[in-house]
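Visitor: Read left to right, the sequence shown gives residues -3 to 216 (the working numbering).
The following block contains the structure, expressed as structure tokens.
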Amino acid sequence: MLKNSPKERSDEYRPLIKRETEQTEDDVEYEGWKHLIPCRSSPKFERLWEEEVRRHGAENASVARTIVRMVSGRLICAAIINIVLNTAPLLRSAYFLRKLLELMETPGSSYLLQVWYILAITLCTVVRTTTLAGSFNLGAVTGIRVRCGVLSLVFKKILSRRNQNTSVGNILLSKLVFNFRRKAISITEERVKLMSEIITAMKLVKMYAWEKPFARKIGG
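Laid out in structure tokens, this is it:
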């Protein structure tokens, strides 16, 4: 039987008998189903959307405002991380490194102070690397949360529709129609490009074909 979900594919007892030092695919799947993002993002986004509808009405409700409210805390954290990320290399190069070079050029300078500046430069490098990785991770997780929240709300709205003019077959075939339209657009673009090349070539042939007769007429 094919196991599709991460929970079914993972081994719940793997952390008890794990002896390896490197992560494997089973470890990632185990951690994935233990911390499912949609389980937390979908109810939160739905609750915020209901509050948005109550405040501004169904016609004036904005998905963008709901998304901003959902990830406002993460946006603040991202701003703080970016400030630290941009400040650390500036301090490393503009202050600590310059002070270290000045001490090394000064005779009789304190070696202990030089060591402290070297440690400060190393710390700035570590902080920059850590904040850079955290910034990428925060952005990726935030995007996944927003995507899960929006898609779950859209999916629930589709399931709760009671329009008799729209059937399940229309929803399932819409993706196929979209794929066919995308292929048709690519074919149309090729045809338009080919016709443009043919017309350009015809213009060139016509221009060079009439060049000598026009020259004789003007000269004669």
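Just so it is clear, CB atoms sit at the ideal spot from N, CA and C, and this is done for glycine as well.
For Ile74, which residues of its own chain have a beta-carbon under 8 Å away from its beta-carbon, when the five flanking residues on both sides are left out?
Guide: Here residue 74 corresponds to residue number 78 of the sequence shown, with the count starting at 1. Reading off the sequence shown, one finds Ala at residue 74, where the question assumed Ile. Excluding residues within five positions, the ones whose Cβ falls inside 8 Å are Ser131, Leu134, Gly135 and Thr138.
Visitor: Using the three-state DSSP reduction, which class does Pro39 fall into: helix, strand or coil?
Guide: Residue mapping note: residue 39 aligns to position 43 of the sequence shown, counting from 1. Pro39: helix per DSSP, three-state reduction.
Visitor: Would you report the Cα separation of Thr126 and Val111, rounded to the nearest angstrom?
Guide: Stepping through the sequence shown from its first residue, residue 126 is reached at position 130. Stepping through the sequence shown from its first residue, residue 111 is reached at position 115. Roughly 22 Å separates the two Cα atoms.
Visitor: Taking just the CA atoms, how far does Arg94 sit from Val24?
Guide: For the purposes of this step, residue 24 is taken as residue 28 along the sequence shown, with counting starting at 1. For the purposes of this step, residue 94 is taken as residue 98 along the sequence shown, with counting starting at 1. For Val24, the predicted structure reports a pLDDT of 48, less than 50, and the residue's modelled location is therefore unreliable. A value from the coordinates is still provided. Each residue's alpha carbon lies about 44 Å from the other.
Visitor: Considering only heavy atoms of the ligand MN, does any lie closer than 8 Å to the CB of Ser37?
Guide: The ligand MN is absent from the structure shown, which contains no ligand whatsoever.
Visitor: Taking Cβ to Cβ, would you say Ser37 is nearer than 9 Å to Arg141?
Guide: Here residue 37 refers to the residue found at position 41 when the sequence shown is read from its first residue. Here residue 141 refers to the residue found at position 145 when the sequence shown is read from its first residue. Taking 9 Å as the Cβ cut-off, Ser37 and Arg141 qualify as a contacting pair.
Visitor: Restricting to runs no shorter than 4 residues, where is the alpha helix (DSSP H) found entirely within the segment 50 to 131?
Guide: Within the segment 50 to 131, the complete alpha helix (DSSP H) runs of at least 4 residues are 59 to 66, 68 to 87 and 93 to 101.
Visitor: Within a Cβ cutoff of 6 Å, which residues of the same chain sit near Ala116, ignoring the five residues on either side of it in sequence?
Guide: Numbered from 1 along the sequence shown, position 120 holds the residue referred to as residue 116. So the qualifying residues of the chain are Phe92.
Visitor: Can you look up Ser156 in the DSSP assignment and give me helix, strand or coil?
Guide: Taking the first residue of the sequence shown as 1, we reach residue 156 at position 160. DSSP places Ser156 in coil when its eight states are reduced to three.
Visitor: If distances are taken between C-alpha atoms only, which option among Val123, Leu109 and Asn166 comes closest to Arg88?
Guide: As a first step, residue 88 must be located in the sequence shown, where it is residue number 92. Ranking the options by Cα distance to Arg88, first place goes to Val123.
Visitor: Report yes if the C-beta distance between Arg65 and Glu48 is below 9 Å; otherwise report no.
Guide: Position 69 of the sequence shown, counted from the start, is the residue given in the question as residue 65. Position 52 of the sequence shown, counted from the start, is the residue given in the question as residue 48. Contact: yes.
Visitor: Rounded to whole angstroms, what's the CA-CA distance from Gly53 to Trp45? Just pull it up for me.
Guide: Walking along the sequence shown from the start, residue 53 turns up at place 57. Walking along the sequence shown from the start, residue 45 turns up at place 49. Near 11 Å, if we compare the C-alpha coordinates of Trp45 and Gly53.
Visitor: Looking only at C-alpha atoms, which of Glu193, Leu128 and Ile194 sits nearest to Ile77?
Guide: As a working note, residue 77 is residue 81 in the sequence shown. Ile77 has its Cα closest to that of Leu128, out of Glu193, Leu128 and Ile194.
Visitor: What residue from Leu200, Gly145, Arg51 and Cys120 has the CA that sits closest to Leu86's CA?
Guide: By 1-based counting over the sequence shown, the position of residue 86 is 90. Nearest of Leu200, Gly145, Arg51 and Cys120 to Leu86, Cα basis: Cys120.
Visitor: What separation, rounded to the nearest whole angstrom, lies between the Cα atoms of Val217 and Leu81?
Guide: It is not possible to answer for residue 217, since the shown part of the chain is limited to -3 through 216.
Visitor: How would you call Leu172, buried or exposed, if buried means at least 16 neighbouring beta carbons within 10 angstroms?
Guide: Here residue 172 corresponds to residue number 176 of the sequence shown, with the count starting at 1. Looking at its Cβ environment, which holds fewer than 16 other Cβ atoms inside 10 Å, Leu172 is exposed.
Visitor: Please classify Thr118: is it buried, with 16 or more other beta-carbons within 10 angstroms of its beta-carbon, or exposed?
Guide: Numbered from its first residue, the sequence shown carries residue 118 at position 122. When all chains shown are included, Thr118 counts as exposed.
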